[in-house]
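Participant:
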Amino acid sequence: MNGKLARVDYVTVLESFKDTNDVVKVLTGMRRCGKTSILEQYIDSLRDSGVSEEDIFYLDFEKRSGQDLKDRSALDAYFAGRLSKERQTYVLLNNVMCAEKWDQVVYRLLSFGKCDIYIVESSVRPIVDALSQQGPVKVEEIKVYPYSFKDYLEVNPSKDVDESFKAFARYGGLPEVHISKGER
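With the first letter of the sequence shown counted as 1, position 8 gets the number -9 in this note's numbering; the numbers rise by one all the way through.
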C-alpha cells in the first residue's frame, strides 16, 4: 500500500458521538476492512482536541495491550485504579469478545458516568445480546465498509483509471490488500 487513507467520514461520525456516555458505540464490518485504523484515527482526533493521554484507554484483546486483561477481575482492577469521576474518559476496546465477562465490565463502566465507550467487532449482534443481559443499554452501530474505488484511487494514485479499476476489481477494497506495485 502506498499510504494509509484517512477515513475522515468515519472519524467524523465517531466525533459526533463524542461524550455520549449513555451509548456504546460499536464499529462493525468484515475482518480487515479498516475498523482498527479508524479507531486509531479517532484516538488521534481525541488527542488533537486536547484530551489527555491519561484519559484515553485503548485495549486490543488480540494484541499485547489486552493480553493480560482477558479475565474480568484483571479488567476490573485495570479500570478501578485509572478512571476518574471528575474527568471525561474514553474507553476503546478492540476484539472485546476475547475477554471473559467483558459485558459485565462494560456495563459497570456505563454506570460510572463520565466514560465514553467504543467497541470494535465484526458483528453488533453478539455485543447487543451480551450487554442486554446486564440491563438496558443503548448501542449505536457504525458500519465500516472496505475502500470504495474513490478511496482506492486516493491510496493508489494513477493516471490510468482503467488499469486502476481493473486492479481494484481484481484485488477488492480491503485496505491491507493494496500493496505497492513494486511488491506485486
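The C-beta atom is built at its ideal place from N, Cα and C for all residues, glycine as well.
Would you mind giving the Cβ-Cβ distance between residue -2 and residue 20, rounded to the nearest angstrom? I have them listed as a contact below 8 Å.
Facilitator: Numbered from its first residue, the sequence shown carries residue -2 at position 15. Numbered from its first residue, the sequence shown carries residue 20 at position 37. The pair is not a contact, with the Cβ atoms about 16 Å apart (cut-off 8 Å).
Participant: Enumerate in chain order the residues of its own chain whose CB-to-CB distance from residue 165 is below 8 Å, with the five nearest sequence positions on each side excluded.
Facilitator: Numbered from 1 along the sequence shown, position 182 holds the residue referred to as residue 165. Only weak support is given to the placement of residue 165: the predicted model assigns it a pLDDT of 40, under 50, and the value that follows is read from those uncertain coordinates. Counting only Cβ-Cβ distances below 8 Å, and skipping sequence neighbours, we find nothing.
Participant: Contact check, residue 77 vs residue 22 under 8 Å by CB: the rounded distance?
Facilitator: Position 94 of the sequence shown, counting from 1, holds the residue named residue 77. Position 39 of the sequence shown, counting from 1, holds the residue named residue 22. The Cβ separation is near 7 Å, so the contact holds.
Participant: I need the boundaries of the beta strand (DSSP E) containing residue 99, first residue and last residue.
Facilitator: Taking the sequence shown and counting its residues from 1, the one referred to as residue 99 is at position 116. First-last of the beta strand (DSSP E) with residue 99: 98 to 103.
Participant: Indicate whether residue 107 and residue 114 have their beta-carbon atoms separated by less than 8 Å.
Facilitator: As a first step, residue 107 is located in the sequence shown; it is residue number 124 there, counting from the start. As a first step, residue 114 is located in the sequence shown; it is residue number 131 there, counting from the start. Cβ atoms of residue 107 and residue 114: not closer than 8 Å.
Participant: Going by Cα to Cα distance, which pick from 87, 64, 137 is closest to residue 37?
Facilitator: Numbered from 1 along the sequence shown, position 54 holds the residue referred to as residue 37. Nearest of 87, 64, 137 to residue 37, Cα basis: 64.
Participant: Hey, would you say residue 131 sits closer than 8 Å to residue 13, going by beta carbons?
Facilitator: For the purposes of this step, residue 131 is taken as residue 148 along the sequence shown, with counting starting at 1. For the purposes of this step, residue 13 is taken as residue 30 along the sequence shown, with counting starting at 1. Result no, Cβ atoms of residue 131 and residue 13 do not sit closer than 8 Å.
Participant: Just to confirm my understanding: we take residue 116, look at its own chain, exclude 5 residues before and 5 after, and list those with CB closer than 8 Å. What are they?
Facilitator: Residue 116 sits at position 133 when you count from the first residue of the sequence shown. The residues are 86.
Participant: On the DSSP bridge assignment, give the partners of residue 7 in chain order.
Facilitator: Translated into positions along the sequence shown, residue 7 becomes position 24. Note: residue 7 sits in a beta bridge opposite 100, 122.
Participant: So, are the CB atoms of residue 93 and residue 100 less than 8 Å apart?
Facilitator: In the sequence shown, the residue the question calls residue 93 occupies position 110. In the sequence shown, the residue the question calls residue 100 occupies position 117. Yes. Within cutoff.
Participant: Rounded to whole angstroms, how far is the Cβ of residue 125 from the Cβ of residue 10, which I believe are closer than 8 Å?
Facilitator: Numbered from its first residue, the sequence shown carries residue 125 at position 142. Numbered from its first residue, the sequence shown carries residue 10 at position 27. Yes, they are in contact, since the Cβ atoms of residue 125 and residue 10 sit about 5 Å apart, within 8 Å.
Participant: If you run the structure through DSSP and keep just helix, strand and coil, what is residue 59?
Facilitator: Taking the sequence shown and counting its residues from 1, the one referred to as residue 59 is at position 76. Residue 59 falls in the helix class under three-state DSSP.
Participant: What does the alpha-carbon distance come out to for the pair residue 127 and residue 18?
Facilitator: As a position in the sequence shown, residue 127 is number 144, starting the count at 1. As a position in the sequence shown, residue 18 is number 35, starting the count at 1. For residue 127 and residue 18, the distance between alpha carbons rounds to 6 Å.
Participant: Pick out the complete alpha helix (DSSP H) segments inside the stretch 10 to 88, 4 residues or longer, and give them in chain order.
Facilitator: Counting whole runs of 4 or more residues, the stretch 10 to 88 contains the alpha helix (DSSP H) stretches 18 to 31, 47 to 50, 55 to 63.
Participant: Does the Cβ of residue 187 have 16 or more other Cβ atoms within 10 Å, making it buried, or fewer, making it exposed?
Facilitator: Outside the displayed range of the chain (-16 to 167) lies residue 187, so it cannot be described from this structure.
Participant: Please classify residue 88: is it buried, with 16 or more other beta-carbons within 10 angstroms of its beta-carbon, or exposed?
Facilitator: Here the question's residue 88 lines up with position 105 in the sequence shown. Flag for residue 88 reads buried.
Participant: With a Cβ-Cβ cutoff of 8 Å, do residue -10 and residue 157 count as a contact?
Facilitator: Residue mapping note: residue -10 aligns to position 7 of the sequence shown, counting from 1. Residue mapping note: residue 157 aligns to position 174 of the sequence shown, counting from 1. Taking 8 Å as the Cβ cut-off, residue -10 and residue 157 do not qualify as a contacting pair.
Participant: Near residue 155, which residues of its chain fall below 6 Å by C-beta distance, leaving aside the five closest residues on each side in sequence?
Facilitator: Sequence index remark: in the sequence shown, residue 155 carries index 172 (1-based). Result list for residue 155: empty, nothing under 6 Å.
Participant: Can you give me the C-alpha to C-alpha distance between residue 146 and residue 8, rounded to a whole angstrom?
Facilitator: Locating residue 146 in the sequence shown gives position 163, where the first residue counts as 1. Locating residue 8 in the sequence shown gives position 25, where the first residue counts as 1. Between residue 146 and residue 8, the C-alpha separation is close to 38 Å.
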